[in-house]
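In the numbering used here, the protein residues as written are 95 to 301.
In structure tokens:
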């Protein structure tokens, strides 16, 4: 496994400001491309391929608890794959991230396909209860990524903050980026605190 991305962002610098500006421009372009990809026949087949590769990753790593994400902005919907994985063993658990406060680490609350839901921050559904769990494998949606497994997110920093404050008494989770090949770039600008994910799963390959 590569080094965890659990590191607090460093102080502002001229280099980081430049990289942030590049990320903003790239993020807008990649989000627009993913929206255009949605609803096409190619996207339907891509979902099938990505689901199969994600299922393989879950079999390979055999996690006890998977942290997934509720799909927004034309993201891949991992819920069906995780629901099937849950059905294979009653001891398995899954959880969704919950933003508890602006600019703070997220919590993970237990989820099943039948969980009652409520509206969370940014109007993203979260479990209605507050059963906190600590996943040992996290799925992270990627707006963009490169072959070195650097991830471009939405810019809020929630994923990085969450990993930077991971409980000290447990091992860091395996971090799995989820993306379509149309979101891959040759090189992704990254700041001093950015570290690569452990794996990135797409409709074409696992990086």
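Note that CB positions come from ideal geometry on N, CA and C, so glycine has one too.
{"query": "Whole-Å CB distance - residue 189 paired with residue 227, under 8 angstroms assumed", "result": "5 angstroms"}
{"query": "Nearest-angstrom beta carbon gap, residue 238 and residue 289 [assumed within contact, 8 angstroms]", "result": "With 8 angstroms as the limit, residue 289 and residue 238 do not qualify as a contact, their Cβ atoms being about 16 angstroms apart."}
{"query": "The region 234-250 contacting the region 163-172, beta-carbon criterion three pairs below 8 angstroms", "result": "yes"}
{"query": "Residue 202 vs residue 161 beta-carbon contact at 8 angstroms", "result": "yes"}
{"query": "Boundaries of the alpha helix (DSSP H) in which residue 135 is found, first to last residue", "result": "135-155"}
{"query": "Helix, strand or coil at residue 106 according to DSSP, with G and I counted as helix", "result": "Annotation note: pLDDT 46 at residue 106 (below 50); position unreliable, coordinate value reported separately. Of the three classes helix, strand and coil, the one that applies to residue 106 here is coil, per DSSP."}
{"query": "Uninterrupted alpha helix (DSSP H) stretches inside the region 199-274 (no shorter than 4 residues)", "result": "252-258"}
{"query": "Alpha-carbon spacing of residue 260 relative to residue 232, whole angstroms", "result": "12 angstroms"}
{"query": "Beta-carbon contacts of residue 147 that lie in its chain and below 7 angstroms, excluding the five residues immediately before and after", "result": "295, 300"}
{"query": "Short Cβ contact (8 angstroms threshold) for residue 180 with residue 186", "result": "yes"}
{"query": "Beta-carbon proximity check, residue 229 vs residue 267, cutoff 8 angstroms", "result": "yes"}
{"query": "Residue span of the alpha helix (DSSP H) that contains residue 194, given as start and end", "result": "Segment: none, residue 194 is in no alpha helix (DSSP H) and carries neither H nor E."}
{"query": "Spatial distance of residue 197 from residue 247 (CA atoms)", "result": "14 angstroms"}
{"query": "First and last residue of the uninterrupted alpha helix (DSSP H) at residue 176", "result": "173-181"}
{"query": "Distance, residue 249 Cα to residue 125 Cα", "result": "12 angstroms"}
{"query": "Cα-Cα separation between residue 262 and residue 135, rounded to whole angstroms", "result": "45 angstroms"}
{"query": "Per-residue burial, residue 265 [other beta carbons within 10 Å of its own, 16 or more giving buried]", "result": "exposed"}
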